[in-house]
Amino acid sequence: MTSKNSQDRPQGERIRKDLDAFQAAAARLGLVRRGGKREPVLAECAPPAGEAEVAAVEAQIGRPLPATLRGFFLGTSAHLAVEWSLPVTEIRNVEGVVLSMLDLKPPPRFCLHLKKYNTSEPLADRGEIRISLGEVASNWHEWHGSLRDWRAPDPHDTPRGRDRTRHLLGYLERGFPVMPLAGGDWLCIDTADPREPLALMSQTTEDVPGVLLGQDLLDHLDHQGRLGFPGLEIELLSVFRDKPASIALREAYAAPYDLATVKRRRLHLPVASVTDADSEPGLAWRAWLFGLDSPAASA
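Be aware that the sequence shown starts at 3, since it is given in this note's numbering, and climbs by one per residue.
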């Protein structure tokens with residue numbers, strides 16, 4: 003889906019308003035940019051880029067940008083960056099080891115209960131979104147350097163291993179990199195789909211290779227903004243998923259495959275998680291973050 007500049011400009015204004023609301027909420031809760039530090043959260047949204055700037059980046063990578071990303075840079079912002087973390091206090095125990103203790107946790111439904119230790123840990127203790135025209139070329143070269151490594155023949159690989167690598171590459175080669183994530187994962191645009199939906203892509207043959215997000219860049223950012231930019235940690239993001247839409251998306255992606263063959267060959271397909279800021283968990287998260295009264299907050 004191509005984003006027209008006339009449509010993107012109101013979206014840019016919406017993102018800036020969402021960032022203002024997020025910064026106010028972060029100040030109220032005491033969120034910080036990085037755990038252990040006391041600097042405020044990062045929330046940046048630069049003006050849109052010019053056509054010449056975008057064309058210069060396209061010349062660097064030797065191809066046009068995906069239409070949705072190009073439209074974002076031209077009509078919304080040349081640089082969007084959000085970074086937050088739950089505040090922690092660092093203490094030193096009697097052995098001299100520095101321990102980090104969380105000063106704030108979200109409501110229990112957004113935490114993982116660790117029964118063995120009788121405690122809980124947040125599904126995500128930090129979040130980040132970074133979409134920058136100035137980083138497109140370096141991201142592109144890093145991403146394709148990794149793909150070259152996957153394509154390179156491995157004389158020690160087994161036939162099954164080569165089969166699994168080919169299968170993984172079939173997924174990764176659909177992606178245009180948007181931003182690197184923790185653990186070597188990437189947020190990408192699925193260029194094999196004309197709607198250009200986002201997907202999380204993991205470079206592994208041993209597990210699920212990623213998550214189909216199902217929304218294009220602007221649509222997903224709209225949901226992120228209304229949720230206060232939780233970021234892309236899938237353990238938290240999947241709490242807000244639209245279950246019927248996610249199931250339908252996964253089934254549509256898997257339709258061309260013979261699932262019995264996939265299972266027999268021990269291959270993996272991506273899962274799906276379509277974010278819905280207006281889901282019941284989404285409303286509860288917003289009530290906690292923004293300090294709103296909501297029946298969903300106490301559910």
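For each residue, glycine too, the CB sits at the ideal point set by N, CA and C. Owing to the predicted nature of the structure, the values given are computational and were not obtained by experimental measurement.
Once DSSP output is grouped into helix, strand and coil, what is the label at residue i?
{"i": "Leu285", "result": "helix"}
{"i": "Val56", "result": "helix"}
{"i": "Val96", "result": "coil"}
{"i": "Glu167", "result": "The question names Glu, but residue 167 in the sequence shown is Thr. Reduced to three states, the DSSP call for Thr167 is helix."}
{"i": "Ser102", "result": "strand"}
{"i": "Phe178", "result": "strand"}
{"i": "Asp192", "result": "strand"}
{"i": "Ala257", "result": "coil"}
{"i": "Glu198", "result": "coil"}
{"i": "Thr2", "result": "Residue 2 lies beyond the residue range present for the chain, which begins at 3 and ends at 301; the question has no answer from this structure."}
{"i": "Ser134", "result": "strand"}
{"i": "Gly32", "result": "coil"}
{"i": "Gly186", "result": "helix"}
{"i": "Arg243", "result": "strand"}
{"i": "Thr160", "result": "coil"}
{"i": "Leu223", "result": "helix"}
{"i": "Asp22", "result": "helix"}
{"i": "Phe231", "result": "coil"}
{"i": "Thr78", "result": "coil"}
{"i": "Asp151", "result": "helix"}
{"i": "Arg65", "result": "coil"}
{"i": "Pro12", "result": "helix"}
{"i": "Arg268", "result": "coil"}
{"i": "Ala279", "result": "coil"}
Would you kindly work out how many angstroms separate the C-alpha atoms of residue i and residue j, rounded to a whole number?
{"i": "Glu123", "j": "Val90", "result": "13 angstroms"}
{"i": "Gln25", "j": "Trp86", "result": "10 angstroms"}
{"i": "Leu214", "j": "Ser275", "result": "6 angstroms"}
{"i": "Tyr173", "j": "Ala27", "result": "38 angstroms"}
{"i": "Leu200", "j": "Arg132", "result": "14 angstroms"}
{"i": "Tyr119", "j": "Pro196", "result": "48 angstroms"}
{"i": "Pro66", "j": "Phe292", "result": "39 angstroms"}
{"i": "Leu21", "j": "Ile191", "result": "23 angstroms"}
{"i": "Ala262", "j": "Arg243", "result": "27 angstroms"}
{"i": "Ala33", "j": "Val43", "result": "For the record, residue 33 in the displayed sequence is Leu; it is not Ala. Those two C-alpha atoms are separated by around 7 angstroms."}
{"i": "Ala298", "j": "Gly284", "result": "Caution is warranted here: a pLDDT of 42 is assigned to Ala298, below 50, making its placement in the model unreliable, and no coordinate value can be reported."}
{"i": "Leu220", "j": "Thr70", "result": "8 angstroms"}
{"i": "Ala57", "j": "Ala250", "result": "37 angstroms"}
{"i": "Ala194", "j": "Trp290", "result": "38 angstroms"}
{"i": "His146", "j": "Arg30", "result": "42 angstroms"}
{"i": "Pro161", "j": "Val264", "result": "15 angstroms"}
{"i": "Val304", "j": "Ser240", "result": "It is not possible to answer for residue 304, since the shown part of the chain is limited to 3 through 301."}
{"i": "Pro68", "j": "Leu183", "result": "20 angstroms"}
{"i": "Gln217", "j": "Glu198", "result": "8 angstroms"}
{"i": "Glu55", "j": "Pro12", "result": "21 angstroms"}
{"i": "Asp224", "j": "Arg94", "result": "42 angstroms"}
{"i": "Gln226", "j": "Leu238", "result": "12 angstroms"}
{"i": "Ala39", "j": "Gly163", "result": "Note that residue 39 is Lys in the sequence shown, not Ala. The alpha-carbon atoms of Lys39 and Gly163 are separated by roughly 44 angstroms."}
Mind reading off the beta-carbon distance from residue i to residue j? Whole number of angstroms is fine, and I expect it under 8 angstroms.
{"i": "Phe112", "j": "Leu104", "result": "Between Leu104 and Phe112 the Cβ distance is about 13 angstroms, and since that is not below 8 angstroms, they are no contact."}
{"i": "Leu135", "j": "His81", "result": "7 angstroms"}
{"i": "Leu303", "j": "Glu53", "result": "Residue 303 lies beyond the range of the chain shown here (3 to 301); nothing can be said about it."}
{"i": "Gly186", "j": "Leu202", "result": "Rounded, the Cβ-Cβ distance is 11 angstroms, inconsistent with contact."}
Which residues does DSSP list as the beta-bridge partners of residue i?
{"i": "Pro124", "result": "Cys113"}
{"i": "Gly212", "result": "Met203"}
{"i": "Leu44", "result": "Glu85"}
{"i": "Val273", "result": "Val213"}
{"i": "Gly129", "result": "Trp86"}
{"i": "Thr91", "result": "Met103"}
Is it a yes or a no for the region 159-178 touching the region 276-288, going by three-plus beta-carbon pairs under 8 angstroms? no
Could you tell me whether the region 97-112 touches the region 57-74, using the rule of 3 or more Cβ pairs below 8 angstroms? no
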